[in-house]
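*Asks:*
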Amino acid sequence: MTLRRFPSIALAAAALALAAPVHAANTLIPAGQRIAVAGSVLTVQPDAEWNRLGVRPGRYAERWTRDGDQLDALTFYGGIADGKTLFREVNRKERPLPRVAATMLVTDIPILLENSYRVARGIAAMTIERVEPARFAGSDGVHFTYSYIRLDESLHRRGEAFGAIIRGRLYLITYEAPALYYYERSAPTARRVVDSARV
Amino acid sequence: MVVWLLVGASSASAQEKSGVKPGFTLTPGSAHIVLIRPSIQVGAQSTAGMFEPNADWTAQARDALGAALRTAERRLGNDVTDYVEPVGADAARLAEYQALFDTVAASVIEYQFFVGNRLPTKKRKDQFAWSLGPEVATLPGLAGADYALFVSTEDHFGSTGRKVLQIFAALARVPVTAGVHRGFAGLVDLRTGDLVWLNADWQMGGDVRDAAGAEKRVRQLLAGFPGKPAAAP
Chain A
36 MTLRRFPSIA LAAAALALAA PVHAANTLIP AGQRIAVAGS VLTVQPDAEW NRLGVRPGRY
96 AERWTRDGDQ LDALTFYGGI ADGKTLFREV NRKERPLPRV AATMLVTDIP ILLENSYRVA
156 RGIAAMTIER VEPARFAGSD GVHFTYSYIR LDESLHRRGE AFGAIIRGRL YLITYEAPAL
216 YYYERSAPTA RRVVDSARV
Chain B
907 MVVWLLVGAS SASAQEKSGV KPGFTLTPGS AHIVLIRPSI QVGAQSTAGM FEPNADWTAQ
967 ARDALGAALR TAERRLGNDV TDYVEPVGAD AARLAEYQAL FDTVAASVIE YQFFVGNRLP
1027 TKKRKDQFAW SLGPEVATLP GLAGADYALF VSTEDHFGST GRKVLQIFAA LARVPVTAGV
1087 HRGFAGLVDL RTGDLVWLNA DWQMGGDVRD AAGAEKRVRQ LLAGFPGKPA AAP
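Chains as they are written, first to last, in the numbering used here: chain A, 36 to 234; chain B, 907 to 1139.
(1) So if I threshold CB-CB distances at 9 Å, which residues from the segment 212–223 of chain A count as touching chain B?
(2) Would DSSP call residue 1016 (chain B) helix, strand or coil?
(3) Give the DSSP bridge partners of residue 940 (chain B), in chain order.
(4) Since residue 115 (chain A) and residue 135 (chain A) should fall inside the 8 Å C-beta cutoff, what is the C-beta to C-beta distance between them, to a whole number of angstroms?
(5) Run through the segment 1072–1135 of chain B for me and flag every whole alpha helix (DSSP H) of 4 or more residues, listed as ranges in chain order.
(6) Going by the CB atoms, is the gap between residue 1086 (chain B) and residue 974 (chain B) shorter than 8 Å?
(7) What do you get for residue 947 (chain B), buried or exposed, if any count of 16 or more other CB atoms within 10 angstroms of its CB means buried?
(8) Please classify residue 1024 (chain B): is it buried, with 16 or more other beta-carbons within 10 angstroms of its beta-carbon, or exposed?
(9) Closer than 9 Å between beta carbons: that is the criterion. Which residues of the segment 1000–1021 of chain B meet it against chain A?
(10) Is it true that the segment 1060–1072 of chain B meets the segment 950–970 of chain B, where meeting means three or more beta-carbon pairs spaced less than 8 Å apart?
(11) Give me the Cβ distance between residue 923 (chain B) and residue 1106 (chain B), rounded to the nearest whole Å; I'm assuming they're in contact under 8 Å.
(12) Within 8 Å, do at least three Cβ pairs link the segment 1027–1041 of chain B to the segment 1006–1015 of chain B?
(13) Closest by CA to residue 1128 (chain B), which one among B:1018, B:982 and B:956?
(14) Report the option in A:182, A:161, A:72 and A:196 whose CA atom is closest to the CA atom of residue 170 (chain A).
(15) Assess, as a yes-or-no matter, whether the segment 93–101 of chain A is touched by the segment 184–198 of chain A under the definition of 3 or more beta carbon pairs within less than 8 Å.
(16) Quick one: is the Cβ of residue 923 (chain B) within less than 7 Å of any heavy atom of the ligand HEM?
(17) Can you check whether the C-beta of residue 1036 (chain B) is within less than 8 Å of a C-beta belonging to chain A?
(18) Within the 8 Å Cβ cut-off, does residue 1134 (chain B) reach chain A?
(19) Which residues of chain A have a Cβ atom closer than 7 Å to the Cβ of residue 1026 (chain B), listed in chain order?
(20) What is the DSSP secondary structure of residue 205 (chain A), reduced to helix, strand or coil?
(21) To which residues of the same chain is residue 942 (chain B) closer than 6 Å at the C-beta, ignoring the five residues directly before and after it?
(22) State the CB to CB distance for the pair residue 71 (chain A) and residue 62 (chain A), rounded to an integer number of angstroms; the pair is presumed to be in contact (CB under 8 Å).
(23) In whole angstroms, what is the alpha-carbon distance linking residue 1103 (chain B) and residue 929 (chain B)?
(24) At 7 Å on the CB atoms, spell out the chain A contacts of residue 1041 (chain B), in chain order.
(25) Classify residue 1101 (chain B): buried if its beta carbon has 16 or more other beta carbons within 10 angstroms, exposed otherwise.
(26) Roughly how many whole angstroms lie between the Cα atoms of residue 64 (chain A) and residue 88 (chain A)?
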């Protein structure tokens, strides 16, 4: 190697450092242990192994998956305070995200999720299907199901969510997967995680 | 030049391109494989990176890849037949399965082949467990077949503006890619719906719009196909 080549090598190293995708490590969630999620007081005890993705969907959120977030995604939103959003703002000026309000009713939760998805995730066709009262994390809350198609895809996805407003903060767990095969496959395991939720 | 060589070498070593379900073998001449109609999309990539579909290019690619696949089928060492297209609601079900296959393949690339982002449950030795679900066998036209072969390509050719942007971005040391050339080929066991073999890459070679390029692409897509007689290219 000649000295003349050093600048190229340095440039290559810089390009490599920039080109390598930055991923926080994904970690294993073992079965049978109670753990706190989304940096909050919300705890769950899964009865099967999951993977926690290093990339978080929002500041107050955390996502678990078995086969990748496009095939099954269990997302926890932990104690989102009054005035905060589910996701990071994409374009606060022109397309602001809806905000959590301490005075929200549980029936406002599906609308908040739907409107957040439309802004932050570019989901045009989303339908909230069934909304019913449910106990969640020891409080009175809401259970709802929904379906959607992402803008750049033709795959139909189904989802369901449990949420509650506890001491003025929003706690929410959603489970989503392609309608074909994956939704039914992981739904029972995901529901058992939801059933174990405590605040 | 050194930059691109190094970048190329690095991505090749950090990224695996194919996987086989542990214990899966395919003896030449033992199986009936149905080739599902390939999903082919060709278009341009705008300066901003948006995909703009191009019907003419897609039609050219469909012809060229179709011819290359017909030639390749004869070399796969098993009885490979083309899928008879369903109509009506069954056509929609087929399209949904093709979309699911693409999503599974993309997930394998992101969470298994890309070592730095691998899911902990996919790290275990000999772990390659992915599926489209057993219901895939109920698609019409698959009765009596052992495997379904899914092939999917998506090509975004960088516009002039995108290439110019890439040059300026490189000066600022910001990585900008011009063009997307992704291809997936996967063999699905129709008894279980499990993916038994997958070859997938975000950056494949070969211009799918002409015969020589399509032949190269098909060769890459089917590289390492299980059950191929040793003498076959």
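Backbone N, C-alpha and C define an ideal beta-carbon position, used for all residues, glycine too.
*Replies:* A quick look at the data gives this:
(1) 213, 214, 215, 216, 217, 219 and 220
(2) The count along the second sequence starts at 1 and reaches residue 1016 (chain B) at position 110. Residue state, collapsed to three classes: helix.
(3) Translated into positions along the second sequence, residue 940 (chain B) becomes position 34. Bridge partners of residue 940 (chain B): B:987 and B:1054.
(4) Here residue 115 (chain A) is taken as the residue at index 80 of the first sequence, counted from 1. Here residue 135 (chain A) is taken as the residue at index 100 of the first sequence, counted from 1. Correct: roughly 5 Å between the Cβ atoms.
(5) 1117–1127
(6) Start at 1 with the first residue of the second sequence, and residue 974 (chain B) comes out as number 68. Start at 1 with the first residue of the second sequence, and residue 1086 (chain B) comes out as number 180. Against a cut-off of 8 Å, the Cβ pair of residue 1086 (chain B) and residue 974 (chain B) comes out as no contact.
(7) Within the second sequence, the letter at position 41 stands for residue 947 (chain B). The residue is buried, with at least 16 neighbouring Cβ atoms inside 10 Å.
(8) Numbered from its first residue, the second sequence carries residue 1024 (chain B) at position 118. Buried is the call here.
(9) 1001, 1002, 1003, 1004, 1005, 1006, 1008, 1009, 1010, 1012, 1013, 1014, 1016, 1017, 1018 and 1020
(10) yes
(11) Here the question's residue 923 (chain B) lines up with position 17 in the second sequence. Here the question's residue 1106 (chain B) lines up with position 200 in the second sequence. At roughly 7 Å, the Cβ-Cβ gap stays under 8 Å, so residue 923 (chain B) and residue 1106 (chain B) are in contact.
(12) yes
(13) If you number the second sequence from 1, residue 1128 (chain B) lands on position 222. Closest by alpha carbon: B:982.
(14) Numbered from 1 along the first sequence, position 135 holds the residue referred to as residue 170 (chain A). Closest option to residue 170 (chain A), Cα to Cα, is A:196.
(15) no
(16) Among the components modelled here there is no ligand, and therefore nothing to report on the ligand HEM.
(17) Here residue 1036 (chain B) is taken as the residue at index 130 of the second sequence, counted from 1. Answer yes: the Cβ-Cβ gap between residue 1036 (chain B) and chain A drops below 8 Å somewhere.
(18) Here residue 1134 (chain B) corresponds to residue number 228 of the second sequence, with the count starting at 1. Chain A contact via Cβ: absent.
(19) Indexing the second sequence from 1 puts residue 1026 (chain B) at position 120. Per Cβ cutoff of 7 Å: 61, 62, 63 and 86.
(20) On the first sequence, position 170 is the one that residue 205 (chain A) refers to. Three-state DSSP puts residue 205 (chain A) in a strand.
(21) Residue numbering aside, residue 942 (chain B) sits at position 36 when the second sequence is read from its first letter. Once the five neighbours on either side are set aside, the close Cβ partners of residue 942 (chain B) are 989, 1054 and 1056.
(22) Within the first sequence, numbered from 1, the residue matching residue 71 (chain A) stands at position 36. Within the first sequence, numbered from 1, the residue matching residue 62 (chain A) stands at position 27. No, residue 71 (chain A) and residue 62 (chain A) are not in contact; Cβ-Cβ is about 14 Å, not under 8 Å.
(23) The residue given as residue 1103 (chain B) occupies position 197 in the second sequence. The residue given as residue 929 (chain B) occupies position 23 in the second sequence. In a straight line, the C-alpha of residue 1103 (chain B) is about 11 Å away from that of residue 929 (chain B).
(24) To locate residue 1041 (chain B), count along the second sequence from 1; it is residue 135. 216, listed in chain order.
(25) Start at 1 with the first residue of the second sequence, and residue 1101 (chain B) comes out as number 195. Residue 1101 (chain B) is buried by the Cβ-count criterion.
(26) Here residue 64 (chain A) is taken as the residue at index 29 of the first sequence, counted from 1. Here residue 88 (chain A) is taken as the residue at index 53 of the first sequence, counted from 1. Distance between the alpha carbons of residue 64 (chain A) and residue 88 (chain A): 10 Å.
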